[in-house]
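Please read the structure below before turning to the comments.
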Amino acid sequence: MTGPVVTGNPVLSPILLIGQAPGDKEGGFGKSFAWTAGKTLFKWFDRIGLNEETFRQRVYMAAVCRCFPGKNPKGGDRVPSLAEIDKCAGWLQAEIDFLKPDLILPVGKLAISQLMPVKRLNDVIGKLHSVNFHGHCSEALPLPHPSGASTWYRTEPGLGLLESALTILQNHPAWQQICNESYYSS
Numbered sequence: 001m002t003g004p005v006v007t008g009n010p011v012l013s014p015i016l017l018i019g020q021a022p023g024d025k026e027g028g029f030g031k032s033f034a035w036t037a038g039k040t041l042f043k044w045f046d047r048i049g050l051n052e053e054t055f056r057q058r059v060y061m062a063a064v065c066r067c068f069p070g071k072n073p074k075g076g077d078r079v080p081s082l083a084e085i086d087k088c089a090g091w092l093q094a095e096i097d098f099l100k101p102d103l104i105l106p107v108g109k110l111a112i113s114q115l116m117p118v119k120r121l122n123d124v125i126g127k128l129h130s131v132n133f134h135g136h137c138s139e140a141l142p143l144p145h146p147s148g149a150s151t152w153y154r155t156e157p158g159l160g161l162l163e164s165a166l167t168i169l170q171n172h173p174a175w176q177q178i179c180n181e182s183y184y185s186s
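Here UniProt numbering is used: position 19 in the sequence shown is 19, and no number is missing along the way.
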């Protein structure tokens, strides 16, 4: 894996978003989801009430791995190995211990698999799950990875399951809390 380490803004939030790992552009921008996948992800959140700037100010963004894993020779980014995931696990554990989030948004199969078993996205997306992650009981709402290479969220059943997930998110008390401007001005 190659640096720099990419992390989100240090924000106290009832929501923790967990991605896979930064892409090759994120290090230069110094923030996660700063390129193509981020454009799609933030369009989803904008549709339910938070633009990118506000989301980044109000949601703690983390990743399974903190550095770019490199390119996959067959295309796209390489999926981090179990050893690489283990090396970064302490960071995620510390963030969970500190934040104690009410809601975790794992984005993509690798992030989802850190919280629950997942064979197929169809089985986990579009539903709210109770999880115990690093000793913290929370709710998790898995989202598909918004990669331009993925067609899953653009065709059925992925399209409908994504819409179900976004509806659940929009109505979740933690989302309502971060959308409430008075919560952040006090």
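Here a beta-carbon is modelled for each residue, glycine too, at the ideal position from N, C-alpha and C.
The model shown is predicted, which means the values in this text are computed figures rather than measured ones.
How far does the alpha helix (DSSP H) with residue i in it extend, from its first residue to its last?
| i | result |
| --- | --- |
| phenylalanine 45 | 36-47 |
| leucine 169 | 158-171 |
| leucine 110 | 109-115 |
| leucine 92 | 82-99 |
| glycine 28 | 26-29 |
Compute the distance between the beta-carbons of residue i and residue j, then report whether it is under 9 Å.
| i | j | result |
| --- | --- | --- |
| glutamate 139 | leucine 103 | yes |
| cysteine 65 | methionine 116 | no |
| glutamine 57 | histidine 145 | no |
| glycine 70 | leucine 121 | no |
| leucine 92 | alanine 62 | yes |
| isoleucine 168 | lysine 109 | no |
| glycine 28 | cysteine 67 | no |
| cysteine 179 | leucine 50 | yes |
Based on the DSSP output, what are the partners of residue i in its beta bridges?
| i | result |
| --- | --- |
| proline 69 | Bridge partners of proline 69: none, in fact. |
| aspartate 77 | Lys71 |
| isoleucine 178 | In DSSP, isoleucine 178 forms no bridge with anything. |
| proline 106 | Ile18 |
| threonine 7 | DSSP, once it has assigned bridges, lists no residue as partnering threonine 7. |
| threonine 2 | Phe68 |
At what residues does the beta strand (DSSP E) containing residue i begin and finish?
| i | result |
| --- | --- |
| alanine 62 | 60-63 |
| glycine 19 | 15-19 |
Starting from the C-beta of residue i, find all residues in its chain whose C-beta is less than 6 Å away, skip the five residues before and the five after it, and write them out in chain order.
| i | result |
| --- | --- |
| serine 147 | Ala37 |
| tyrosine 153 | Pro144 and Leu162 |
| cysteine 88 | Cys65 and Arg66 |
Excluding the 5 residues preceding and the 5 following residue i in the sequence, name in chain order all residues of the same chain whose CB lies nearer than 8 Å to its CB.
| i | result |
| --- | --- |
| glutamate 95 | Leu16, Tyr60 and Ala62 |
| valine 79 | Gln20, Pro69, Asn72 and Leu110 |
| glycine 76 | Ser147 and Ala149 |
Ignore the nearest five residues each way along the sequence and tell me which others in residue i's own chain have a CB closer than 7 Å to its CB.
| i | result |
| --- | --- |
| valine 124 | Ile112, Met116, Val118 and Pro142 |
### Whole runs of the beta strand (DSSP E) within the stretch 119-155, excluding any shorter than 3 residues
129-133 and 136-140
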